[in-house]
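Numbering (the working numbering), first residue to last: 12 to 457.
Data first, discussion second: the structure below is written as structure tokens.
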Ligand code: 5CA
């Protein structure tokens with residue numbers, strides 16, 4: 012992609028409500044454009060990053076055997092009346108009527124719809140367990156949408172739903188997702204910590220929020236800092252290992268404010284290990300047994316031919332929120348550096364501009380073609396402006412590697428710079444092999 016052709020409306024004047032860095036940066040680099048309060052259009056740069064996040068989330072779901080499907084955004088009110096949540100959900104639910112006067116709603120989540128799909132087709136324990144997911148827009152009429160894509164009305168979520176025969180089996184599904192979420196966030200370059208949490212309108216009695224630490228987060232957290240030292244690489248997808256992993260995580264104190272108890276915190280966590288801070292919730296998982304299957308009559312035959320309610324859990328990741336959360340976690344001193352796994356481009360070529368001498372630009376074009384042929388996703392900054400402006404712009408856009416073609420370069424050696432580090436002179440072949448390494452994201456298989 013040539014920067015001159017990229018639709019990237021850089022904005023200087025920020026609206027007053029853009030209070031946190033991620034919101035400001037997303038507006039400044041033209042990643043999003045507000046269409047109305049809490050509702051955004053995703054412009055090419057922002058959309059590309061969100062799609063990369065989505066793909067990592069998807070791959071990690073597929074690894075644990077979850078099956079992707081797609082449910083609609085608009086749902087019938089009927090099924091919500093059956094579960095009993097139609098009234099409980101309150102004003103956060105956007106209710107609409109079709110031309111026949113049928114009550115519909117824009118889905119804030121999908122427990123009812125997936126239960127309805129499941130009950131009409133699965134009748135026997137032999138078809139269990141099942142794990143289904145979709146990645147779809149949700150709508151919640153938040154009373155105070157804020158912080159850009161972090162808390163908005165329309166947002167993109169990955170939601171999975173598990174179906175098991177017994178509580179015991181269902182906990183295994185819960186553990187699998189627990190592990191898969193930690194892997195997902197690790198691949199996104201984030202350190203997300205599972206914290207025991209309240210279940211709110213989703214319900215149930217077992218729930219964890221996955222939280223990344225950030226001053227601007229909306230969740231107050233209380234944790235023992237040793238939880239940050241647990242190494243995910245010590246576990247795998249075998250049943251015993253997953254059980255051990257969840258025990259290891261849950262034995263260390265880490266809760267959100269609705270589960271906080273001062274006495275317990277002080278008793279369980281020594282003073283030097285106490286962390287009281289804020290965080291951003293990027294994922295949330297729930298086990299709620301038969302909260303939906305019971306009122307909605309989602310029954311299956313067990314091994315003895317007896318009808319029993321299917322045991323369910325639901326598991327969400329805020330895909331669009333993750334774009335903002337990743338910025339909050341990585342923005343430093345006016346420089347944004349995207350984790351390599353989700354960067355909008357692998358590298359940017361920055362030729363120095365000189366009207367009387369087009370050599371640098373010509374050379375940059377050649378490098379660009381060569382890298383493109385190697386499947387390296389590269390941006391060429393072909394905009395005529397000063398080097399200092401270019402560098403400022405690229406500090407904001409956050410492409411992790413720069414190839415600078417200017418007075419220091421010769422025919423085959425160029426300045427190669429990783430953002431936030433010093434540049435070094437590198438032979439073009441070496442630049443290519445450094446960048447090619449980026450294309451091999453770990454794709455684990457179980
Ligand atoms: N049905 C369950 C799990 S699938 C559920 O809806 N969980 S949730 O309410 O916790 O949402 C899942 C994730 O979506 C949250 O962890 C958060 O990352 C994201 N999310 C929730 N509300 C918003 C919002 N208003 N704006 C942006 N992201 C949101």
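For glycine and all other residues, C-beta sits at the position ideal for the given N, C-alpha and C.
Going by Cα to Cα distance, which pick from the options is closest to residue i?
i, options, result
"residue 204", "164, 190, 427 and 145", "190"
"residue 415", "409, 402 and 146", "402"
"residue 172", "336, 373, 341 and 123", "123"
"residue 377", "217, 425 and 339", "425"
"residue 19", "423, 407, 385 and 419", "407"
"residue 434", "206, 417 and 349", "417"
"residue 272", "335, 207, 220 and 306", "207"
"residue 261", "279, 131 and 247", "279"
"residue 321", "446, 445, 136 and 242", "136"
Start and end of the beta strand (DSSP E) containing residue i?
i, result
"residue 104", "Segment: none, residue 104 is in no beta strand (DSSP E) and carries neither H nor E."
"residue 35", "Careful: residue 35 lies outside any beta strand (DSSP E), inside the alpha helix (DSSP H) at 32-39."
"residue 366", "Segment: none, residue 366 is in no beta strand (DSSP E) and carries neither H nor E."
"residue 381", "From DSSP, residue 381 is part of no beta strand (DSSP E) but of the alpha helix (DSSP H) over 370-384."
"residue 218", "217-224"
"residue 312", "310-312"
"residue 438", "434-438"
"residue 166", "165-175"
"residue 387", "It is not in any beta strand (DSSP E) - residue 387 carries neither H nor E in the DSSP assignment."
"residue 143", "141-150"
"residue 267", "265-267"
"residue 239", "Note, residue 239: premise wrong, no beta strand (DSSP E); not H, not E."
Using the three-state DSSP reduction, which class does residue i fall into: helix, strand or coil?
i, result
"residue 453", "Residue placement at residue 453 is poorly supported in this model, since its pLDDT is 44, which falls under 50; the coordinates are not used for a value here."
"residue 190", "helix"
"residue 284", "helix"
"residue 345", "coil"
"residue 20", "coil"
"residue 420", "coil"
"residue 47", "strand"
"residue 524", "Residue 524 lies beyond the residue range present for the chain, which begins at 12 and ends at 457; the question has no answer from this structure."
"residue 412", "strand"
"residue 319", "strand"
"residue 111", "coil"
"residue 87", "strand"
"residue 116", "strand"
"residue 158", "coil"
"residue 447", "helix"
"residue 8", "The requested residue 8 is not part of the displayed model; the chain covers only 12 to 457."
"residue 334", "helix"
Please report the residue range of the alpha helix (DSSP H) in which residue i lies.
i, result
"residue 204", "Run containing residue 204: none in the alpha helix (DSSP H); it sits in the beta strand (DSSP E), 203-207."
"residue 68", "55-74"
"residue 129", "122-132"
"residue 252", "250-261"
"residue 353", "No alpha helix (DSSP H) contains residue 353, which DSSP labels as neither H nor E."
"residue 405", "398-408"
"residue 278", "273-279"
"residue 29", "Counting along the chain, residue 29 falls outside any alpha helix (DSSP H), and DSSP gives it neither H nor E."
CB of residue i to nearest heavy atom of the ligand ADP: below 7 Å?
i, result
"residue 96", "Absent from the structure shown: the ligand ADP. Ligands present: the ligand 5CA."
Are three or more beta carbon pairs between the segment 347-365 and the segment 251-267 nearer than 8 Å?
no
Between the segment 55-62 and the segment 310-324, can you find at least three pairs of beta-carbon atoms closer than 8 Å?
no
Count the C-beta pairs between the segment 169-186 and the segment 281-292 that are closer than 8 Å, then say yes if the count reaches three, no if not.
no
Measuring CB atoms only, is the segment 74-93 touching the segment 137-152, in the sense that at least three cross pairs come out at less than 8 Å?
yes
Check whether the segment 324-332 touches the segment 296-304, counting contact only when three or more Cβ pairs, one atom from each stretch, lie closer than 8 Å.
yes
For the structure I just gave you, are there three or more beta carbon pairs, one from the segment 29-42 and one from the segment 152-167, closer than 8 Å?
By the criterion of at least three beta-carbon pairs nearer than 8 Å, the segment 29-42 is in contact with the segment 152-167.
Check whether the segment 219-232 touches the segment 332-350, counting contact only when three or more Cβ pairs, one atom from each stretch, lie closer than 8 Å.
yes
Evaluate contact between the segment 184-201 and the segment 341-357, counting only Cβ atoms and requiring at least three cross-stretch pairs below 8 Å.
yes
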